[in-house]
Amino acid sequence: MPLLWLILIVLAIAVAGYVLGRQRALASAGGDSRGLHSLPSYYGSNVAIKAIVPAFLLLVAWLLIQPIYVGNTISGMIPESSVKEGSSLGLVMAEVRRAANGLDAAVAQGLMTDDEARNLRADFTDVTQRLRDAGSIVTSEVTQPILRAAQRYRIMNDTGNLIMTIAVLILAVLGFLYGLRESRAEFRARNVVEHSVRAILVGAASIAILTTIGIVLSLVFNTIEFFRLYPAADFFLGTNWAPSFSGRGGSSDLGVLPLLWGTFYISIVALAVAVPIGLFAAIYLSEYASPRIRAFAKPMLEVLAGIPTIVYGLFALLTVGPLLLKVFGDNGLDWMQSGTAVMTAGLVMGIMLIPFVSSLSDDIINSVPQAMRDGSYGLGATKSETIKQVVLPAALPGIVGAILLAASRAIGETMIVVLGAGAAARLSLNPFEAMTTVTAKIVSQLTGDADFASPEALVAFALGMTLFVITLCLNIFALYIVRKYREQYE
Amino acid sequence: MYDTPNTERTVTRNETKFSARKVQVYYGDTHAIKDVDVDIEDKTVTAFIGPSGCGKSTFLRCLNRMNDTIDVCRVEGDILLDGQDIYDKKVDPVQLRAKVGMVFQKPNPFPKSIYDNIAYGPRIHGLAKNKAELDEIVEKSLRRGAIWNEVKDRLHAPGTGLSGGQQQRLCIARAVATEPEVLLMDEPCSALDPIATSQVEELIDELRTNYSVIIVTHSMQQAARVSQKTAFFHLGNLVEFGETGQIFTNPKDERTESYITGRIG
């Protein structure tokens, strides 16, 4: 029975359980819902939950475990001799699965009887050709051991699916009956439903957390793998970045310092643009702008945050770069060789960060109590004195937090750098030279057909880890400051 | 009705500080203050009493043009401070507020040190030539605010760390530090406990020697205790204005009598 049908049947049982549970509970209270412990719908939901949850948990577990179990059994069946030179057990198993699918397809199209599919012998019939006729992709000649394994694989999966279907349905019905038996007036159905709601929420939270842990662990393990192939000291202290793909290790220089320098330089330029503009915009919007201007200007600023970074990258490449070149290039001050430079990427990234700084700072400035401003006005302070000496100092920790969050955005930014800053990793102080960042290099190390076991590819994980640690520290620091700020008004 | 005897009520007539004529205040379409005429004397504590929403705080905020910060608020009529119309185009509200200080309902010390809280006004208005003078102003103001002894050892601790009553006295000291001529107080004791309240009330009585003090209060006992003159507001009208003793013992208007005996409000 297809999986979809199984799921629909379980759901149908649950719906029936809802209706019946509700009725049974009402009947047990003599038709008066005031005699029940909980509202009638809670009794219905209780039965539905009892029918669905165990059945679906079993279904999921079975779907996860069956392929592993079948795979292990089948791979034990394959003799050493049929694993060819230069091949592996995994490749043979893939062939077995393809053959099994081919048999399924052949049976489904009526080219074979089920009996035939089970008992065919590769030595006697032209199985390979028949499978190809049935439209399945068979790469090599199907030999007898593989065909045997494929037939066994089919049978095991068929029986497995049959048992699973029966088990899931039985469990659903049992849960349904159990829930129905519980549906009496004094049963605390509402508490059961409350607990299930909590379980769902806990589940969602744990999925998010576990995914994060998984990502971090994969970063950590791959980084450790990288450091086994490449000395950590050379990575952290090396001043030269020159990966070689042809040499396959050994001849590569993978020093992170030029990349970190590029990252920080571009981020600093970006923040130098974004912080003053964003902050002043926030002060104008929150303190000076009339409500009508504010209602118009704030969403306009936030539109900037909605522009995809690749569009900013194009803007850097096609507009800002050439513009800077015209002023600082050959014909102007002759500081700049090409349009891609730290300055180009930094300026455009700064524009991208303006809404971050302004929108966060605006919220923080608005959260400074009006009483502070009144107190200052009441003493005869002007608006700008009040802002400078009362509002901003009160909001400063929050603003610093906003700036740090913007900084971690800047450090993690990729597309603008790829398009705007060039690809040359170098240690230089000239902001009109091309440089590159950690993120841009991660992209270039992993695109193309690199061998994932080589240090040149694994270095991407070490770079990612470095970046992750830096932004994590920045974020923790920002959170610490924001939290410290909150304590002041409570 | 009130706790202290009215021994000092027979004050000599002081000169008029504020003089309001036909003052109207509108919040958008709402007519919040209607035709208020009042003369407020120098070196006197004047209490504004009345039920919530009667316009007493609004009128108080007209006196130092704090209502200017509210966009929809419109003030008509004349309010003269020492004979000068404060709503005249020539008058800078910022300078007016330096002359007419204000203490708010909720203590609102700035998130700065105690010293900087007090020094804020003098610094803005350039009242001190050097650090020593500023120190002197801070000490004098804190003494006037009756809080010097409690904070003299921790002048550089944050002002927000003080207790509620101390914070309010700090705010009064802060208002006094700019050397205002009039002190407006908008329910200064509503967030305080009885002990802190009595400290602030004593302080108000002392301030009377130098300033004209106008206090908005919901407590009629407080009005009776601290003020020499009382104004009763009702639904945006100034119903009755006179000697505190007379208002509380022998009100002329029926509404005043109903209010102070608790029948309306």
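First to last, the protein sequences are chains D and S.
With the numbering used here applied, the first sequence closes on residue 1875, and no number is skipped along the way.
With the numbering used here applied, the second sequence closes on residue 302, and no number is skipped along the way.
From the three backbone atoms N, C-alpha and C, an ideal C-beta is built for every residue, glycine too.
Residue i - DSSP class collapsed to helix/strand/coil
{"i": "D:G1632", "result": "Bear in mind that the predicted position of D:G1632 carries a pLDDT of just 48, short of 50, making it too unreliable to give a figure here."}
{"i": "S:D108", "result": "coil"}
{"i": "D:Q1451", "result": "helix"}
{"i": "D:E1875", "result": "Its pLDDT being 41, under 50, D:E1875 is placed unreliably in this model, and the value from its coordinates should be taken loosely. If DSSP states are grouped into helix, strand and coil, D:E1875 belongs with coil."}
{"i": "S:P288", "result": "coil"}
{"i": "S:F270", "result": "strand"}
{"i": "D:N1431", "result": "helix"}
{"i": "S:G182", "result": "coil"}
{"i": "S:V175", "result": "helix"}
{"i": "D:S1752", "result": "coil"}
{"i": "D:A1414", "result": "coil"}
{"i": "D:L1421", "result": "coil"}
{"i": "D:A1618", "result": "helix"}
{"i": "S:K71", "result": "strand"}
{"i": "S:T83", "result": "strand"}
{"i": "D:S1769", "result": "helix"}
{"i": "S:G138", "result": "strand"}
{"i": "D:L1656", "result": "helix"}
{"i": "D:S1568", "result": "coil"}
{"i": "S:S350", "result": "This structure cannot speak to residue 350 of chain S, because chain S is shown only from 38 to 302."}
{"i": "S:T44", "result": "Note that S:T44 scores 48 on pLDDT, short of 50, meaning its location in the model is unreliable and no value can be drawn from it."}
{"i": "D:S1603", "result": "helix"}
{"i": "D:Q1333", "result": "Any question about residue 1333 of chain D goes unanswered here, given that chain D covers just 1386 to 1875."}
{"i": "D:A1863", "result": "helix"}
{"i": "S:G163", "result": "coil"}
{"i": "S:S94", "result": "helix"}
{"i": "D:L1764", "result": "coil"}
{"i": "D:R1587", "result": "In the sequence as presented, Arg is not what sits at residue 1587 of chain D; that position holds Val. Here D:V1587 sits in helix by DSSP."}
{"i": "D:I1662", "result": "helix"}
Residues bridged to residue i [DSSP beta-bridge criterion]
{"i": "D:N1542", "result": "According to DSSP, which records beta bridges pairwise, D:N1542 is partnered with nothing at all."}
{"i": "D:W1626", "result": "D:L1639"}
{"i": "S:Q132", "result": "Answer is none; S:Q132 lacks a bridge partner."}
{"i": "S:E170", "result": "Answer is none; S:E170 lacks a bridge partner."}
{"i": "S:Q61", "result": "S:E113"}
{"i": "D:T1513", "result": "DSSP output for D:T1513 lists no bridge partner at all."}
{"i": "S:F55", "result": "S:I77 and S:L118"}
{"i": "S:E280", "result": "S:K266"}
{"i": "D:L1391", "result": "D:L1391 pairs with nothing; no bridge assigned."}
{"i": "S:L275", "result": "S:F270"}
Cross-chain neighbours of residue i in chain B, by beta carbon under 7 Å
{"i": "D:Y1762", "result": "You won't find chain B in this structure, because its protein chains are D and S."}
Closer than 7 Å: residue i CB and nearest the ligand SAM heavy atom
{"i": "D:L1703", "result": "Looking at this structure, you won't find the ligand SAM or any other ligand, since it has none at all."}
Discussion item. Short of 7 Å Cβ to Cβ, which residues in the stretch 123-137 of chain S face chain D?
Written reply: V131, Q132, R134 and A135
Worksheet entry | the stretch 1748-1767 of chain D contacting the stretch 1821-1840 of chain D, beta-carbon criterion three pairs below 8 Å | no
Worksheet item: Using a beta-carbon distance cut-off of less than 9 Å, what residues from the stretch 157-184 of chain S approach chain D?
Response: Y157, G158, R160, I161 and H162
Worksheet item: Would you call the stretch 192-206 of chain S and the stretch 64-82 of chain S touching, i.e. three or more CB-CB distances under 8 Å?
Response: no
Worksheet item: At a Cβ cut of 8 Å, what residues of the stretch 1769-1794 of chain D count as close to chain S, listed as they run along the chain?
Response: So the close ones are E1770, Q1774, V1775, P1778 and A1779.
Practice prompt. Mind checking the stretch 187-215 of chain S against chain D and listing, in chain order, the residues whose C-beta falls within less than 9 Å of any C-beta there?
Written response: Against chain D - using a Cβ distance shorter than 9 Å - the residues of the stretch 187-215 of chain S are P195, T197, C208, R211, A212, A214 and T215.
Worksheet entry | Cβ contact (3+ pairs, closer than 8 Å) linking the stretch 96-111 of chain S and the stretch 1718-1736 of chain D | no
Fill in: Cβ contact check for the stretch 153-169 of chain S and the stretch 208-216 of chain S: 3 or more pairs under 8 Å
yes
Worksheet entry | Whole alpha helix (DSSP H) elements within the stretch 183-259 of chain S, 4-residue minimum | 185-188, 201-214 and 231-244
Practice prompt. Can you check the stretch 1784-1859 of chain D for any alpha helix (DSSP H) of at least 4 residues that lies completely inside it and give the ranges in chain order?
Written response: Correct list: 1800-1805 and 1823-1831.
Worksheet item: For the stretch 1438-1458 of chain D against the stretch 1550-1564 of chain D, are there 3 or more C-beta pairs whose distance is under 8 Å?
Response: yes
Worksheet entry | Chain-ordered residues of the stretch 1417-1438 of chain D with a beta carbon less than 9 Å from chain S | none
Worksheet item: Are the stretch 1703-1717 of chain D and the stretch 1670-1687 of chain D touching, with three or more C-beta to C-beta distances below 8 Å?
Response: no
Discussion item. Which complete alpha helix (DSSP H) runs does the stretch 1665-1750 of chain D hold, if anything under 4 residues is left out?
Written reply: Those alpha helix (DSSP H) runs which fall completely within the stretch 1665-1750 of chain D and span 4+ residues are 1676-1691, 1694-1700 and 1706-1713.
Discussion item. What are the residues in the stretch 79-106 of chain S lying within 8 Å of chain D by C-beta distance?
Written reply: N101, M103 and T106
Worksheet item: Contact between the stretch 1796-1803 of chain D and the stretch 1767-1777 of chain D: three or more CB pairs below 8 Å?
Response: Output reads no: the stretch 1767-1777 of chain D does not touch the stretch 1796-1803 of chain D.
Item to complete: With 8 Å as the C-beta to C-beta threshold (strictly closer), list the residues of the stretch 1638-1667 of chain D near chain S in chain order.
Response: none
Fill in: Contact set between the stretch 216-229 of chain S and chain D, restricted to residues whose Cβ is under 7 Å from the partner
none
Discussion item. Would you call the stretch 1425-1438 of chain D in contact with the stretch 1397-1404 of chain D, where contact means no fewer than 3 C-beta pairs closer than 8 Å?
Written reply: yes
Worksheet item: Using 8 Å as the Cβ pair cut-off and three pairs as the minimum, do the stretch 1740-1749 of chain D and the stretch 1707-1727 of chain D touch?
Response: no
Worksheet item: Within the chosen definition, does the stretch 51-62 of chain S reach the stretch 226-245 of chain S through at least 3 CB pairs nearer than 8 Å?
Response: no
Worksheet item: When the Cβ atoms of the stretch 1777-1796 of chain D are set against those of the stretch 1849-1866 of chain D, are three or more pairs found closer than 8 Å?
Response: yes
Discussion item. So, does the stretch 133-143 of chain S touch the stretch 1761-1768 of chain D, judging by three or more C-beta pairs under 8 Å?
Written reply: Output reads yes: the stretch 1761-1768 of chain D touches the stretch 133-143 of chain S.
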